[in-house]
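A short worksheet on the structure shown next.
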Amino acid sequence: MRTFSQKFTTWVTLATLLILSPPAVLLAHGEEDAPVDGSVETRGNAPDAVEDARLPSGFVTRIPLDEVGPAGDGLASALERAPGVYVRRSSSFGQPAYIQVRGGNPRQVVVLLNGVRVKVPTGLGFDVGSLAVAGLDEARVYRGGSGVVHGAGALTGALELRAAPTYREGWEVRGRALTGSFGTTEFGARAEGSNNAGSARIVVNRRQSDGDFMFEDAQGVPARRVNNGHDRLHLLASGAWDEGGRHLGATLLLDSGESGVAGPSEFQQTFGEAKFREHRLIATTDGGARGVLSGDGWTLDFQRVFGMQYRRQDYRNDEAILGGGQFETHASSVGMDSGAQFALFTDAGNFATLAFSARREVYTTLEESDERLDVMRRTFGLALSDEQLLFGDKLSLIGVARLERIEQDELLMHPTTGAIGAIVRAKPWLDFRGNIARTWRPPDFDELYIETEFIRGNPELQPERALLADAGVTFRAKDEIARAEIVGFYGRTTDQIMFLPVSAYVIEARNLALVNSAGVEFLSAFSPIKRTPLTLAYTLTEAERPNLPDRTPLPNQPRHRIEATARADLSRLDWLLDLPKLQLETRASWRSSIALDNFASQTNPGWLRLDVGLVVAPKSWLRLRADATNLLDYRRAVDGLQRPLPGRAYFFSMELVAGP
Amino acid sequence: MHHRWIILTVMLLMLSACGPATPLEILVPDTPAVCQEGASLTSLEVSPQLQPIAEQANHMVSANGWIWVLESGSNTVSRYNPTSGVFEDAFVDLGNDRGPYDIFVDGDRGFVTNYLGNTVSIFDANSGEVLDEISDPRLKDPSGIAATREHLYVTNVEFLGVARGWGQGSILVIDRATLEITGVISAHARNPQYVTVLNAGDGEEPGKIAIVSTGALGQVGERYVQTSMAAIEVWTETEDALSPAKEIFEIPPPEEGSRVGAPGRALVSPDGASLYMTSATAPVVFEIDLEQLAWAHGADSPIVLYEEDSDTLHSGALDQDGLLWITSFNQDAVYVLDTRCNEVLAGPIPIGVVDDELEGPIAIVSSASSSSSQQNVVQPDVYFITSLSKQLGRIEGM
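Chains P and B, in that order, are what the protein sequence lines are.
Going by my numbering, the first sequence opens with residue 1, and the numbers climb by one from there.
Going by my numbering, the second sequence opens with residue 1001, and the numbers climb by one from there.
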């Protein structure tokens, strides 16, 4: 149980941020000049709060991906900019990383691409570290109960990736090359074209890195990371058509590559030959029509989505850790997901949706012992959501109910999830919102059935259930030049599943009694001075298991996390070369210490990462970029036991743009 | 505005500066004697979280006034001083990819077998500096290590992989003075994990050691059991270092349904008359009568600690009062066996902090400061390590 002092500090922090934030952003509002040439912006690539029409009171953060610089580590780095999110990395750019939300774990976050679920229900979670960003437009992080609209599995949140070409008339071709530390090179090309009805885009990206960075191990001994490279090919093609109230979109994503599987830092040689190959093909299509039916005071829209995913993963270590023999595993998965949604709008201020979904997921393993595992899961869902606008749209009451049927071998589950929420629009620039949600996660395939020498699944597992609540305030200044959001959240998960030692010889999946989490999220974007947009995200997360001694934190979950970015836009200034683009960016990321094991006996201290980047476009067709990451060259950071993260790194890129 | 940011900053600092939780303690009342003229225990205070240690700690010894903790997952040796309470984290850094398994501290020098590295590290016991590392193709998954006056013995487990199991296994004989390898002697049974010095020897009396081969281990049904012959070999040194006089005590694989077997490290009673071994698969203790050179409690009549049907794992330490302290991995508990009459004096003594998760006590030692009064009331000072919760804990008489 949390102590009184912990509860007190949580809520005092919430209250303090609440008191502090409006004057801070109001000041920014007052000082902000209206943009002259459009170059001063607080939107741009800053994360922003958005609404999902199915649960508009939910807390969802939109993160634009198009402008993610080469300095970061792609998707993982972009997602870190959202409050409530923690990205757990295993190594450097291109190696696996996993997103967790509000004290949950990566398994409890479902991941979708254009509305199609792409997270396979097995393994540690969806790997956001090795997936290239190229061609993706934005990520939406559904925090807490807002993820309920994505169904069972979204226990603590959801991540939706979107790839949709923008509607800019004309055509454009870009070519980009990058080089940098740790033997990193990247080549990419992108072509897109649009007319007034449709657009298409194709992106190809090849990235490779040796990943051989220096670090300091737990004893302070300098060492080099070995077998940490990767080589990945990423191809994304998408098209969209929108005319006469009807729209149609399609996306094809191919992601393929091989990476070294670096072992724990104390046992790198033992894993010196371990390799992981992955091939992933995802196809999605979505479409719909506005006003398919309408009458006096009402109209009905229709949307549908369909997608398929094939993924194959192969792991091979020619010298296994014990006995020196060869060890390999192979797994493949095929998934199909479809959904249809009717949305009804009435002049009486009611917005209702009725959605149907069907999904089929097949997972096959070929283990070392030739024991093949074939599992198939079918999920059917029916969801109803309704928003009622009251008091001249000043109050919204929202309800979401979702019923699913999950068939899997002899298992039959009927998860019912839902949420109720409310929005009070006190002022045009100020609203209050809150939600209570019930979420659910069925056990993953490996949690149920894995059977190796030392690790066992457990067919008797119960699903995880969570009761989630959040409440917050959103402030938006005139013309969106300043905004802030502050949210308090609480979560209570029962029957959380963990792989735990049950004897000296066996680790088995077990349901734990309870996991509690509570905290505060703060997100703000404003410009204190002209041409310098700032963003600040802060998250306080207190996550614990009551069965452990007081104040034992969950592993891999920092209590505090701060993410701040600042940009100075010096483009088109007469006194400074009048360049089409000249931009300086800085980013500071700090997290407090984290526990590295269940009992918090091993910890990694808090660390501050500073990144800087400079973008120069001497001509409209040429863009140069230089970045330095982890400028302080801190080399003792880990997100997991003996999983070192890289020190200072430099990257340089050049982009050529052709177009009318 | 400034004062608000200052308040916020101060609050955040306060939040992050909150101190650690108060150490947990478990109290156990006085324990009366179970043996005639046997020892009783004072009330005990258990401190399960005396000191965090590194990952996969697997063994500990008491020597030179320190408790030495071998941390296999971090390739380090840490040490704790029971008198001063000083803990020296990673006192010895053995280097990467070593996988240390056993430690023997010999005055100013210490020796560590590196299971994965196939080497033996020699370190300065005063500074922690690694002085040398013996590397030789005859070292094959080195595990146990101990020394008589003349020789250093290293057991080779020779694990060939999950599919192929264990090889023959052997014992490497090393000249203690020159650290040159004298030769290799085949083990009587597979999986020779441990070697214990029974008598270091002197000019007149030859050195004597006990080697424990646990036998192959494997899963039979739902349980892990010994699947090939196990053996305890008692060697008496002769003039030919490679031809010691041997006494063999075998433990056959258990019959179907039984898990009695898989003997652990040999422990010598204070009077040197008996040898005790805990079991890696069953809640039992084996005893060899060293005077009669016969099983006192073999596989057919072991000393039963408790009844349990699931997998078990134990390790033990014999203190100067003849009390055998035994960790029970799967129970997060410690038992005390009085070897005067081979009865359980105390236990299960809970040493964990969580009810529904294993913390995994894996090794235990009795410090030199354990004491007994004239009324034979033992006031113990015992230390244990847990491999899953990564803690050094203490059981102290009050």
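Backbone N, C-alpha and C fix where the C-beta goes; we use that ideal spot for every residue, glycine too.
Every value quoted in this text rests on a predicted model; they were computed, and no experiment measured them.
- Item | DSSP-derived helix/strand/coil call for P/Ala78 | Along the first sequence, read from residue 1 onward, the residue named residue 78 of chain P stands at position 78. Three-state result, P/Ala78: helix.
- Buried or exposed by the 16-neighbour rule on C-beta atoms within 10 Å, applied to B/Asn1191: Translated into the one-based positions of the second sequence, residue 1191 of chain B becomes position 191. Burial call: buried.
- Query: In its own chain, which residues sit with a C-beta less than 6 Å from the C-beta of P/Ser381, not counting the 5 before and 5 after it?
  - Reply: For the purposes of this step, residue 381 of chain P is taken as residue 381 along the first sequence, with counting starting at 1. As written in the sequence, residue 381 of chain P is Gly, which differs from the Ser given in the question. Within the same chain, Cβ atoms closer than 6 Å to the Cβ of P/Gly381 are found at Gly151, Ser357, Glu404, the five residues on either side in sequence being excluded.
- Curious, which full-length alpha helix (DSSP H) runs of at least 4 residues does the segment 406-492 of chain P contain? 445-449
- Query: Does B/Pro1052 have its Cβ less than 8 Å from a Cβ in chain P?
  - Reply: For this step, residue 1052 of chain B is matched to residue 52 along the second sequence. With 8 Å as the cut-off, B/Pro1052 counts as an interface residue toward chain P.
- Message: Can you pull out the residues from the segment 1194-1226 of chain B whose beta carbon lies closer than 7 Å to at least one beta carbon of chain P?
- Response: Tyr1224
- Partner residues on chain P for B/Val1120, Cβ-Cβ distance less than 9 Å: Taking the second sequence and counting its residues from 1, the one referred to as residue 1120 of chain B is at position 120. Simply none; closest approach about 18 Å.
- Query: Mapping DSSP to helix, strand and coil, what is P/Arg107?
  - Reply: Within the first sequence, residue 107 of chain P is the residue found at index 107, counting from 1. Three-state result, P/Arg107: helix.
- Message: Please report the straight-line C-alpha distance between B/Ala1210 and B/Ile1103, rounded to a whole angstrom.
- Response: Residue numbering aside, residue 1210 of chain B sits at position 210 when the second sequence is read from its first letter. Residue numbering aside, residue 1103 of chain B sits at position 103 when the second sequence is read from its first letter. Each residue's alpha carbon lies about 16 Å from the other.
- Message: Check whether the segment 210-227 of chain P and the segment 188-202 of chain P are in contact - that is, three or more C-beta pairs closer than 8 Å.
- Response: Touching, no, given that fewer than three Cβ pairs across the two stretches are closer than 8 Å.
- Within 10 angstroms of its Cβ, does B/Asp1355 collect 16 or more other Cβ (buried), or is it exposed? Sequence index remark: in the second sequence, residue 1355 of chain B carries index 355 (1-based). Per the 10 Å Cβ criterion, exposed.
- Query: Unbroken alpha helix (DSSP H) runs of length 4 or more, entirely within the segment 316-380 of chain P: which are they?
  - Reply: none
- Message: Tell me whether B/Glu1255, by its Cβ, gets closer than 7 Å to a heavy atom of the ligand MG.
- Response: The model depicted lacks the ligand MG and carries no ligand whatsoever.
- Query: Any beta-carbon of chain P closer than 8 Å to the one on B/Phe1384?
  - Reply: Sequence index remark: in the second sequence, residue 1384 of chain B carries index 384 (1-based). It does not; no Cβ of chain P falls within 8 Å.
- Message: Let me check one thing: in DSSP terms, what residues is P/Thr532 bridge-paired to?
- Response: By one-based count along the first sequence, residue 532 of chain P stands at place 532. Answer by DSSP bridge pairing: none, since P/Thr532 is not bridged.
- Whole beta strand (DSSP E) runs in the segment 1093-1144 of chain B with 3 or more residues, listed along the chain? 1100-1106, 1109-1114, 1119-1124, 1130-1135
- Message: Using a Cβ-Cβ distance cut-off of 8 Å, determine whether P/Glu278 contacts chain B.
- Response: Here residue 278 of chain P corresponds to residue number 278 of the first sequence, with the count starting at 1. Closer than 8 Å: no.
- Message: 8 Å is my cut-off, CB to CB: does P/Asn598 come that close to chain B?
- Response: Position 598 of the first sequence, counted from the start, is the residue given in the question as residue 598 of chain P. For P/Asn598, the answer is yes, since a Cβ of chain B falls inside 8 Å of its Cβ.
- Query: Nearest chain P C-beta to B/Thr1415 closer than 8 Å, yes or no?
  - Reply: The shown model of chain B, from 1001 to 1398, leaves out residue 1415 of chain B, and the question about it has no answer.
- Item | Short-range partners of chain B found in the segment 328-361 of chain P, where Cβ spacing is below 9 Å | none
- Neighbour flag for B/Asp1381 against chain P, beta carbons, 8 Å: Position 381 of the second sequence holds residue 1381 of chain B. No, no contact with chain P.
- Query: Is the segment 547-557 of chain P touching the segment 586-605 of chain P in the sense that three or more CB pairs, one from each, lie closer than 8 Å?
  - Reply: yes
- Item | Straight-line Cα distance separating P/Asp301 from P/Gly291 | Here residue 291 of chain P corresponds to residue number 291 of the first sequence, with the count starting at 1. Here residue 301 of chain P corresponds to residue number 301 of the first sequence, with the count starting at 1. Cα to Cα, P/Gly291 sits roughly 5 Å from P/Asp301.
- Residue-level contact to chain P via CB, B/Asn1096, 8 Å cutoff: Stepping through the second sequence from its first residue, residue 1096 of chain B is reached at position 96. B/Asn1096 counts as touching chain P.
- Message: Residues of chain P with CB closer than 8 Å to the CB of B/Ala1317, please, in chain order.
- Response: Indexing the second sequence from 1 puts residue 1317 of chain B at position 317. Per Cβ cutoff of 8 Å: no residues; B/Ala1317 is ~18 Å from chain P at best.
- Query: In three-state DSSP terms, what is P/Trp575?
  - Reply: The residue labelled residue 575 of chain P in the question sits at position 575 within the first sequence. Helix, per DSSP.
- Message: For P/Ile398 and P/Ser57, which I take to be in contact (beta-carbon distance under 8 Å), what is that distance rounded to the nearest angstrom?
- Response: Numbered from 1 along the first sequence, position 398 holds the residue referred to as residue 398 of chain P. Numbered from 1 along the first sequence, position 57 holds the residue referred to as residue 57 of chain P. 5 Å between Cβ atoms; contact.
- Please list the partners that P/Thr539 has in chain B, where partner means a Cβ-to-Cβ separation under 7 Å. Indexing the first sequence from 1 puts residue 539 of chain P at position 539. Chain B residues near P/Thr539: none, gap ~12 Å exceeds 7 Å.
- From P/Arg277, P/His247, P/Gly135, pick the residue whose C-alpha is nearest to that of P/Val261; which is it? Sequence index remark: in the first sequence, residue 261 of chain P carries index 261 (1-based). Among P/Arg277, P/His247, P/Gly135, the Cα nearest to that of P/Val261 is on P/Arg277.
- Taking only beta carbons into account, state which residues of the segment 598-622 of chain P come closer than 9 Å to chain B, listed in chain order. Asn598, Phe599, Ala600, Ser601, Gln602, Thr603, Gly606
- Task: Could you say which of P/Asp639, P/Glu273, P/Asp386, P/His234 lies nearest to P/Ser592 if we only look at CA atoms?
- Result: Working through the first sequence from its first residue, we reach residue 592 of chain P at position 592. Answer by Cα proximity: P/Asp639.
- Using DSSP with H/G/I as helix, E/B as strand and the rest coil, what is P/Thr270? On the first sequence, residue 270 of chain P is found 270 positions in, with the first residue counted as 1. DSSP places P/Thr270 in helix when its eight states are reduced to three.
- Task: For the segment 1241-1256 of chain B, enumerate the residues whose C-beta is nearer than 8 Å to any C-beta of chain P, in chain order.
- Result: none
- Message: Whole angstroms are fine: how far does the CA of B/Glu1088 sit from the CA of B/Glu1129?
- Response: If you number the second sequence from 1, residue 1129 of chain B lands on position 129. If you number the second sequence from 1, residue 1088 of chain B lands on position 88. Going from the Cα of B/Glu1129 to the Cα of B/Glu1088 covers about 13 Å.
- Identify the continuous beta strand (DSSP E) that holds P/Gly175 and give its terminal residues. In the first sequence, the residue the question calls residue 175 of chain P occupies position 175. It spans 170-180 - the beta strand (DSSP E) in which P/Gly175 sits, taken as one unbroken run.
- Message: Can you confirm whether B/Asp1093, when its beta carbon is compared against all beta carbons of chain P, has any partner nearer than 8 Å?
- Response: The sequence position of residue 1093 of chain B within the second sequence is 93, counting from 1. Yes, its Cβ sits closer than 8 Å to a Cβ of chain P.
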